[in-house]
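Asker:
Residue numbers (the numbering used here), protein chains in the order written: chain A, 4 to 437; chain B, 4 to 323.
1. Which chain A residues are close to residue 125 (chain B), counting only those with a beta carbon under 8 Å from its beta carbon?
2. Count the other C-beta atoms from every protein chain shown that fall within 10 angstroms of the C-beta of residue 272 (chain B), then say buried if there are 16 or more, exposed otherwise.
3. Report the residue from A:195, A:221, A:131 whose alpha carbon sits nearest the alpha carbon of residue 166 (chain A).
4. If I measure Cβ to Cβ from residue 123 (chain B) and keep anything under 7 Å in the same chain, skipping five residues before and after, which residues do I get?
5. Verify whether the separation of the beta carbon atoms of residue 91 (chain A) and residue 335 (chain A) is less than 7 Å.
6. Starting from the C-beta of residue 6 (chain B), find all residues in its chain whose C-beta is less than 8 Å away, skip the five residues before and the five after it, and write them out in chain order.
7. I need the DSSP call for residue 128 (chain A), collapsed to helix, strand or coil.
8. Could you check what DSSP says for residue 89 (chain B) in three-state terms: helix, strand or coil?
9. Assuming residue 128 (chain B) is part of the beta strand (DSSP E), what are its boundary residues?
10. Taking the DSSP output, what are the residues bridged to residue 65 (chain B)?
11. Using a beta-carbon distance cut-off of less than 7 Å, what residues from the stretch 328–339 of chain A approach chain B?
12. Which runs of the beta strand (DSSP E), 3 residues or longer, sit entirely within the stretch 207–245 of chain B?
13. Are the Cβ atoms of residue 182 (chain A) and residue 201 (chain A) separated by less than 7 Å?
14. Reducing DSSP to helix, strand and coil, say where residue 12 (chain A) ends up.
15. Using 10 angstroms around the beta-carbon of residue 179 (chain A), count the other beta-carbons present and answer buried if the total reaches 16, otherwise exposed.
16. Is any beta-carbon of chain A found at less than 7 Å from that of residue 187 (chain B)?
17. Would you say the stretch 248–266 of chain B touches the stretch 155–165 of chain B, given that touching needs at least three Cβ pairs under 8 Å?
18. Using C-beta distances below 6 Å, list every residue in its chain close to residue 4 (chain A), excluding the 5 sequence neighbours before and after it, in chain order.
19. Indicate whether at least one CB of chain B lies closer than 7 Å to the CB of residue 202 (chain A).
20. Residues of the stretch 201–235 of chain B in Cβ contact with chain A at a cutoff of 7 Å, in chain order, please.
21. Going along chain A in order, which residues have a C-beta closer than 9 Å to the C-beta of residue 149 (chain B)?
22. Classify residue 191 (chain B) as helix, strand or coil using the three-state DSSP reduction.
23. Quick check on this structure: which residue in A:362, A:341, A:129, A:289 has the alpha carbon closest to the alpha carbon of residue 64 (chain A)?
24. Does DSSP classify residue 101 (chain B) as helix, strand or coil?
25. Is the shortest distance between the beta-carbon of residue 27 (chain B) and the beta-carbons of chain D less than 7 Å?
26. Should residue 51 (chain A) go down as buried or exposed, given a rule of 16 or more other Cβ atoms within 10 Å for buried?
27. My understanding is that residue 458 (chain A) touches residue 271 (chain A), with C-beta atoms under 8 Å, so please give their C-beta distance in whole angstroms.
28. Against chain A, does residue 66 (chain B) count as a neighbour if the rule is that its beta carbon must be under 7 Å from one of theirs?
29. So, does the stretch 290–305 of chain B touch the stretch 132–149 of chain B, judging by three or more C-beta pairs under 8 Å?
30. Tell me which residues share the same chain as residue 4 (chain B) and place their Cβ nearer than 6 Å to its Cβ, disregarding the 5 neighbours each side in the sequence.
31. Can you check DSSP and say which residues form a bridge with residue 61 (chain A)?
32. What number of angstroms, rounded off, separates the C-alpha of residue 322 (chain A) from the C-alpha of residue 127 (chain B)?
33. Name the two residues that bound the continuous beta strand (DSSP E) containing residue 419 (chain A).
34. At 3 residues or longer, and completely inside the stretch 220–263 of chain A: list those beta strand (DSSP E) runs for me, N to C.
35. Taking Cβ to Cβ, would you say residue 67 (chain A) is nearer than 7 Å to residue 310 (chain A)?
36. Looking at C-alpha atoms only, which residue of A:291, A:292, A:275 is the closest neighbour of residue 284 (chain A)?
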């Protein structure tokens, strides 16, 4: 056998792609898994990771993260944010094009890929900008961006106000079979809103983003999908009514996938408390019935994936009035606890529930799923699902440490992250304590 | 941190900041009204001062213009013998790019004891209260659409003065409620003090249905809203709302929701008419009503000084 030999011993092996949930070993030679269950006879590992009492899962994929580069280096650097991804068990990061400058030039995408490869950390899959500068006016060079390894074209959080431009963009993208990533956010109806419309925003006197900002946009996108045949991924669905429209569109057979962020899955507008700017998010946190509908939709597959919506924001930009504070929260290190919490509350088998940060998310992004199968690249994580912690600033590795989840008890921490057979991160504190 | 407890109260349940009437216990509100009662007669005295705040520095921080509210706070603080400093921040530091909290830190270094804050953003006084040391007190003088607690309290004082008791009243609030901090603070104070029926009256663009969640009855018909009311509170229609996407014109607003003598006849015969000022004559209220016998608009102004004296003296005496 060639290459380093790594044995992960006595873990609970969970592979959502194959519905696997069993206790055993994973044997790795070089970059690939050579055995699952029991190591082959004569296997002489150079390195052993004891996974007894721990979960062994395929590496997680995050469909929405901002990595601070280019342009926002003061809020997060590519190396620190990708390190935070590894700490969070996220081995693949789909990154949003709303950088500065916007990812609308192949050279910028190539630069980002080159920087990411040099860091030798989590894998980066950029989305190219759908329109130049995300301005919603001129189409970007979609074929060039795709050649530069973009996995799709996205408008990030900036809606296209001009429906004719959106129509052309979807026509053009569908010519080449490219997937378009959109927010369900009507430009006019969401303008000026800083919290979800409803009793709580009304009470605090915060300008609202009404549910119709989401549903009107969804109706428009679905009509344009019918007209163009364009495949669409809807990012960060937020409302119960939006979920229902997605359910109907999928039943109709439209080529549609979608995701929800950890914040909308776990929190509601009440978490704004007394104008807590950590809960200033886009989409805004909605009401309990919306959160419950999002959970149910993630459980029944209407929503394909759970994303972190990782957005580094500097302390200066968060220590502002609620209206002036920059929207966004840190998330890469919270995706796993959020997924585990969802899995526990969904009533689904763990192996099924975790597909939302695994193969189902990968499929939505058009990527081959990571798996624990023999012959596959060894891209996996070892997880202590019982570890309790709080996302206080000291507990996080991202440069950006603001999250509305900081007040919540979380469960689940990654002990080891393995990519291509290499242990790229280990929780030294936990390993030393053991 | 901020979620755990009401930031307006100290560990003993005493009022240390006044940020919004929402969430304040009924007895705290009544204590302010009772204290104000003792100050009402002050204006007619030979010597209009008491030494309750002698040696204390009150900074009026107005990030948004308001001559009237600032002046009443200034008079209230001076009658309590405080040293008053007016800062028109709009024209000074923030235009130089200084952040809100940097401005506050600088003023704290000048040994401020009380900040009276007006700001265009909902919640700004909460941010300031969270970032000031325990001996510094914050009074919200109006933040965005959120709250204007001293206005709400002077409205309560006025209602109690003329009606005696809250427990059997119907109060109609008319006009641009969705954008009004005055309306929000009045609604919270009225519902806390036990008013059984609070009506919000106006077109759907200014009085959306979800206001019901605040414990009010929403009326889009002016006659329904006014019928048998004990108190009619008219709100000022801001110039920028008078024509545009929310209302076609000031004239049409007057035609549909303006308070005329004829419409006022729908309310109880002894109903009082209130307005936070400044009034737009011929828009939300006709001169015959504003200057008529049921109008208590100028009483509100007079009581406003006493209520602000009460608030400043109460928060200054809260333990750190």
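Each residue gets a CB set at the ideal place from its N, CA and C atoms; glycine is no exception.
Answerer: Reading it off the structure:
1. Locating residue 125 (chain B) in the second chain gives position 122, where the first residue counts as 1. The contacting residues are 207, 208, 209, 278, 324, 325, 326.
2. Within the second chain, residue 272 (chain B) is the residue found at index 269, counting from 1. Residue 272 (chain B) is exposed by the Cβ-count criterion.
3. Here the question's residue 166 (chain A) lines up with position 163 in the first chain. Among A:195, A:221, A:131, the Cα nearest to that of residue 166 (chain A) belongs to A:221.
4. Indexing the second chain from 1 puts residue 123 (chain B) at position 120. Cβ neighbours of residue 123 (chain B) beyond the five flanking positions: 66, 67, 147.
5. Indexing the first chain from 1 puts residue 91 (chain A) at position 88. Indexing the first chain from 1 puts residue 335 (chain A) at position 332. Yes; because the gap between Cβ atoms is below 7 Å, this pair is in contact.
6. Position 3 of the second chain holds residue 6 (chain B). Model confidence at residue 6 (chain B) stands at a pLDDT of 44, short of 50, so the residue's coordinates are unreliable and nothing is read from them.
7. For the purposes of this step, residue 128 (chain A) is taken as residue 125 along the first chain, with counting starting at 1. Strand, per DSSP.
8. Working through the second chain from its first residue, we reach residue 89 (chain B) at position 86. Residue state, collapsed to three classes: strand.
9. Residue 128 (chain B) sits at position 125 when you count from the first residue of the second chain. That residue, residue 128 (chain B), is in no beta strand (DSSP E); its alpha helix (DSSP H) goes 127–133.
10. Counting from 1 along the second chain, the entry for residue 65 (chain B) is found at position 62. Looking at the DSSP assignment, residue 65 (chain B) forms a beta bridge with B:91, B:121.
11. none
12. Within the stretch 207–245 of chain B, the complete beta strand (DSSP E) runs of at least 3 residues are 220–222, 234–237.
13. Here residue 182 (chain A) is taken as the residue at index 179 of the first chain, counted from 1. Here residue 201 (chain A) is taken as the residue at index 198 of the first chain, counted from 1. No, these two residues do not count as a Cβ contact at 7 Å.
14. Here the question's residue 12 (chain A) lines up with position 9 in the first chain. Residue 12 (chain A): strand per DSSP, three-state reduction.
15. Taking the first residue of the first chain as 1, we reach residue 179 (chain A) at position 176. Residue 179 (chain A) is exposed by the Cβ-count criterion.
16. Taking the second chain and counting its residues from 1, the one referred to as residue 187 (chain B) is at position 184. Chain A, which has a Cβ nearer than 7 Å to the Cβ of residue 187 (chain B), makes this yes.
17. no
18. Residue mapping note: residue 4 (chain A) aligns to position 1 of the first chain, counting from 1. Reliability fails at residue 4 (chain A), whose pLDDT of 48 lies under 50, so the model's placement of it is uncertain and no value is given.
19. Indexing the first chain from 1 puts residue 202 (chain A) at position 199. Interface residue, yes.
20. 213, 214, 216, 217
21. Sequence index remark: in the second chain, residue 149 (chain B) carries index 146 (1-based). Residues of chain A passing the Cβ test: 206, 207, 208, 209, 278.
22. Within the second chain, the letter at position 188 stands for residue 191 (chain B). If DSSP states are grouped into helix, strand and coil, residue 191 (chain B) belongs with the helices.
23. Within the first chain, the letter at position 61 stands for residue 64 (chain A). Nearest C-alpha to residue 64 (chain A): A:362.
24. On the second chain, residue 101 (chain B) is found 98 positions in, with the first residue counted as 1. DSSP places residue 101 (chain B) in coil when its eight states are reduced to three.
25. Given the protein chain composition of this structure (A and B), no chain D is represented.
26. Counting from one through the first chain, the residue named residue 51 (chain A) turns up at place 48. Exposed is the call here.
27. The displayed coordinates of chain A run from 4 to 437. Any statement about residue 458 (chain A) would go beyond what the structure contains.
28. Here residue 66 (chain B) corresponds to residue number 63 of the second chain, with the count starting at 1. Chain A, which has no Cβ nearer than 7 Å to the Cβ of residue 66 (chain B), makes this no.
29. Segments in contact, no.
30. Indexing the second chain from 1 puts residue 4 (chain B) at position 1. For residue 4 (chain B), the pLDDT reaches just 40, beneath the cut-off of 50, and the residue's location in the model is therefore unreliable, although a value from the coordinates is still provided. So the list is empty, once near-sequence residues are dropped.
31. Here residue 61 (chain A) refers to the residue found at position 58 of the first chain. In DSSP, residue 61 (chain A) forms a bridge with A:383.
32. The residue labelled residue 322 (chain A) in the question sits at position 319 within the first chain. The residue labelled residue 127 (chain B) in the question sits at position 124 within the second chain. Whole-angstrom Cα-Cα distance: 11 Å.
33. Here residue 419 (chain A) corresponds to residue number 416 of the first chain, with the count starting at 1. Start and end: 413–422.
34. 235–238
35. For the purposes of this step, residue 67 (chain A) is identified with residue 64 of the first chain, where counting begins at 1. For the purposes of this step, residue 310 (chain A) is identified with residue 307 of the first chain, where counting begins at 1. Contact: yes.
36. Locating residue 284 (chain A) in the first chain gives position 281, where the first residue counts as 1. The residue with the shortest Cα to Cα distance from residue 284 (chain A) is A:275.
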